[in-house]
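To keep things clear, I will list the structure first and then write my remarks on it.
Chains as they are written, first to last, in this note's numbering: chain A, 297 to 384; chain B, 1041 to 1798.
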């Protein structure tokens, strides 16, 4: 089961729940799963079918370069983190 | 005499050596072609009319007199830009909306900062163009402006954008606000963490707007051909970024825009945004001529992208033994006229040097009537480090703890979970702290009196992102290496070194060339400390592609299976017949008659970039009469993973320290009350010169990054994170007065002393 970490700003939607276990093969399934459990959370994370532009998904510490299509491993950690562009 | 050490336990043949840079001769002889050197037949000069007001509504623009002036070929206003709607459209990650991008280039309804472009003229020469600017009549309705980040956050503040709403992680505020984005993360139980502390300190800090200070001003030359093809020659850190921005703003397919990146005279993050390219392109379309524009220094200061001013509140709880129990910060950064300050980077970086179980970070991206801020090395992290590392030094003084031992006790390491949730992989902070502790500098005694020694840590995550490389095997065994990454800090050399190392050939046999956007696959900007890492991986993969094809060709010549052939250290050999072997050059000579040349290619988007850490130690002496600070000794320690070219790594470390000294002690935009910059020249914007600086000693620590074949980590940014805090800590220890605001000018230092009666 993958572990999904809920950002503190979205915990009002989860009743304070910080982590959720989830069987999912990719980020899209993770978000659909979350939205079934906590209606409305998808809108906070996704816009026009993609992760919102100021957010990124990190799977096991790596920012998901394929966004919603990124694979999620059986024991992966999934985080929604600030999108950090090229520090330039 | 400078002391430069490399603490390395892995040696390679080419990686880690210090060969001559491929672009060195051209640069030292003045033959290198920079953007302003571009000279096409029939080129016109463009000048930009800029707003004298920080905030005003444009009521009308009359260009008829300018158009009638002899020698003027075209005048441009925002009406000439394709309609830019408010719908979201990504522009290389730089802007929130197409309208913002378009308006930033040429204001349509309002001007939002002094220097905001309003119109542009193309004329036969610069003098005529400038005369024409004076003939353009703009009627403004001057509006009240807001320039302070905290003032801009208040309810009832003047609104920079009447329709901007706060994005609270996907939830938009009901009322318009200057706060574009708020983001918050937490870890553990912060209340419990502070309750367990023996000492809790909380302070506020501010930093001023500063500029990257690159020597070469922004410039652009464009030619819009009659077939609709647009060619742009420009100074940029990202040719594909310029292509994307120009194509999007002008509503063109990207295939219609070719961008040739010229040599770049410094960028540090400030040469990512495309300010002039769409303007010169449209003027070229109107006139049928090539059009060139170059900013003056004043335009660079007033209308390019400085680093943001900031306000930060930091609270830290510790046990008496120095163990941190809880940390908390609120950070607000001014984005300038359009959203996009680096405050989210700041909150991610703020406590990344520490292993602490309980923490909370909040970041606010705030628009004000100042030029839109841009990246400046490790954007956001230096301001955050100034605040956090200053408070840690204050804690160390109160608890009488050695500042390096305190940091070692709390240092982040492999397995540390950061506040945003990610877990650190193999990182080298502890090794950097140990190297600083064991350095002659730290072991030496300070002279007492008005001297002080400061220490600070810094973090930058480093980035990956997309890179493309193509390499061709010439028939004499040399390699043509094509890359899309602009070379700012010596990456032609570092990519060529990784290529040569992988192929097992001499560095001198690899000729690297930075090419235009039509000649290579998409390559992200040179920035984020990514190029030696990501483009390096692309080069390694492309070299492996070449190796596989060389093996295949040898198998063909020897009439055997590829499995019977091996490639080791530049030699291609038959595994079971010692007589059959080729050097790389020998086999290259046979390519023409055995099937033709070989090219390797690679397009990558790698993860595993490996975080960067730095520790700086600095000694200062402060004149109690004048408040002037002199930096007397400086040592920079940094984990490079593996320094591909140690001289360039040392250059990055020394450059970061020097820029940090300026940021700490002198540099700032002075604004009048309405937001007009009062010091837009290098005479009045005081950057350090050699007379202000000591030699900068360096220690390169090499803790291999497992995400790169040679262990490489980015090095371009972590070096600018610790200096301001390290110097502030040194000044505070020298004077006995804690400094909470940058820059620490003589006046501020004297005032702090007067306030404290010292």
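We put the CB at the ideal spot given by N, CA and C, even for glycine.
Contact annotation, residue 1642 of chain B with residue 1509 of chain B: C-beta distance approximately 5 Å; criterion of less than 8 Å satisfied. Annotated three-state conformation of residue 1286 of chain B is helix, per DSSP. At least one CB atom of chain A sits nearer than 8 Å to the CB of residue 1385 of chain B. DSSP assignment within the region 1378–1427 of chain B yields the following whole alpha helix (DSSP H) runs of 4 residues or more, N-terminal first: 1383–1389. Rounded to whole angstroms, the Cβ separation of residue 1093 of chain B and residue 1407 of chain B is 16 Å, and the two are not in contact under 8 Å.
Rounded to whole angstroms, the gap between the alpha carbons of residue 1758 of chain B and residue 1499 of chain B is 6 Å. Under the three-state reduction of DSSP, residue 1769 of chain B is assigned to helix. Chain A has no Cβ within less than 8 Å of the Cβ of residue 1762 of chain B. The contact set of residue 341 of chain A on chain B, defined by CB atoms closer than 9 Å, consists of 1209 and 1210 in chain order. For the region 1639–1654 of chain B, the residues whose beta carbon sits under 8 Å from a beta carbon of chain A are, in order, 1645, 1647 and 1648. Taking a Cβ-Cβ cut-off of 7 Å, the neighbours of residue 1225 of chain B in chain A comprise 303 and 304, given in sequence order. Within the region 1621–1668 of chain B, the runs of beta strand (DSSP E) at least 3 residues long that lie entirely inside it are, in chain order, 1638–1644 and 1652–1662.
When 9 Å is used as the limit between beta carbons, residue 1461 of chain B is near these residues of chain A: 301, 303, 354, 373, 375, 376 and 377, in chain order. For residue 1583 of chain B, the enclosing alpha helix (DSSP H) covers residues 1576–1598. Sequence-distant Cβ neighbours of residue 368 of chain A in its own chain, meaning closer than 7 Å and more than five residues away, are 298, 320, 321, 322, 323, 326, 355 and 374.
For residue 327 of chain A, no chain B residue has a C-beta closer than 9 Å to its own C-beta; the minimum C-beta separation is roughly 12 Å. With fewer than 16 neighbouring CB atoms inside 10 Å of its own CB, residue 1235 of chain B falls in the exposed class. One finds nothing in chain B with a Cβ atom closer than 7 Å to the Cβ of residue 347 of chain A; even the nearest lies about 10 Å away. 1460, 1461, 1462, 1463, 1464 and 1465: these are the residues of the region 1454–1488 of chain B whose beta carbon lies less than 9 Å from some beta carbon of chain A, given in chain order. Nearest to residue 1385 of chain B by C-alpha distance, out of B/1372, B/1694 and B/1238, is B/1372.
With respect to chain A, the C-beta atom of residue 1221 of chain B has a partner C-beta closer than 8 Å. Among the residues of chain B, those whose CB is under 7 Å from the CB of residue 357 of chain A are 1462, 1463 and 1465, following chain order.
Scanning the region 1184–1263 of chain B for uninterrupted alpha helix (DSSP H) segments of 4 residues or longer gives 1189–1193 and 1230–1236, listed from N- to C-terminal end. When the beta-carbon positions are compared, residue 1411 of chain B and residue 1374 of chain B stay at least 8 Å from each other. Inter-residue distance for residue 1150 of chain B and residue 1714 of chain B is about 16 Å (C-alpha atoms, whole angstroms).
In the three-state DSSP reduction, residue 1674 of chain B falls in the strand class (E or B). The region 1470–1524 of chain B contains, as complete beta strand (DSSP E) runs of 3+ residues, the segments 1491–1500, 1507–1513 and 1519–1523 (chain order). Residue 1092 of chain B: not part of any beta strand (DSSP E); DSSP gives it neither H nor E. If you check each beta-carbon in the region 1489–1504 of chain B against every beta-carbon of chain A, the ones closer than 9 Å belong to 1500, 1501, 1502, 1503 and 1504.
Cβ atoms of residue 1741 of chain B and residue 1679 of chain B come within 8 Å of each other, at about 5 Å. Secondary structure note for residue 1445 of chain B: its alpha helix (DSSP H) is the uninterrupted segment 1443–1450.
The beta carbon of residue 1661 of chain B lies closer than 6 Å to those of 1490, 1491, 1670 and 1672 in the same chain, with the five residues before and after it left out. Straight-line measurement puts the Cα of residue 1777 of chain B at about 17 Å from the Cα of residue 1443 of chain B. Residue 1507 of chain B and residue 1644 of chain B have their alpha carbons spaced roughly 5 Å apart.
Within chain A, not a single residue places a beta-carbon under 7 Å from that of residue 1282 of chain B; the smallest gap is close to 14 Å.
Straight through space, the alpha carbons of residue 1782 of chain B and residue 1725 of chain B are spaced by roughly 14 Å.
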